[in-house]
Amino acid sequence: MAKGSGTGRIPRYLDAPITILIWDADVFIPAALLFVLGVFTRNFLLFTSFSVAYLYVMARCQNSLPRGMVGNILHRFGLYPYSGYPDGAIKLFRG
0 MAKGSGTGRI PRYLDAPITI LIWDADVFIP AALLFVLGVF TRNFLLFTSF
50 SVAYLYVMAR CQNSLPRGMV GNILHRFGLY PYSGYPDGAI KLFRG
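Under numbering that gives the first Met the number 0, the residues of the sequence shown are numbered 0 to 94, in order.
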C-alpha cells in the first residue's frame, strides 16, 4: 500500500450521528454524566435511576422523532450552533 492511501473506515451514512454502544452520542453522554455525578456525590442509586429513566424516555422519544433531535432542539434555543446556519434564536429574517 502506498503511504497516505486512506485506509480508514468509511461510514455507511456520512450524516449519521455518532453511536456509542447502542445509543446515539446525544443520548449516551448525558446519561453517562448522570452516572458519574452519582459516583462522585455518593448517591449512586439515585443518579443511576435518573440515568436509566433518561435513557428510557429518550428511547421512547427517538421512536417518534428523527435522529439527532436533541441537537436540533439545542440549536432551536440558541445553545448549539450549526456551522453554515443562522443562530437558532433568530425568529425573523430580513431579505
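From the three backbone atoms N, C-alpha and C, an ideal C-beta is built for every residue, glycine too.
All of these numbers come straight from a predicted model, not from anything done at the bench.
Who are residue i's beta bridge partners in DSSP?
i, result
"ASP25", "In DSSP, ASP25 forms no bridge with anything."
"THR18", "ASP23"
Alpha carbons only, please: which of the options is nearest the one belonging to residue i?
i, options, result
"LEU32", "PHE49, SER82, CYS60", "PHE49"
"TYR79", "ILE17, THR18, ASP25, GLN61", "ASP25"
"TRP22", "MET57, LEU73, TYR81", "MET57"
Residue i by DSSP, collapsed to three states: which one?
i, result
"PRO80", "coil"
"THR40", "coil"
"ILE72", "helix"
Do residue i and residue j have their C-beta atoms closer together than 8 Å?
i, j, result
"PHE46", "LEU54", "no"
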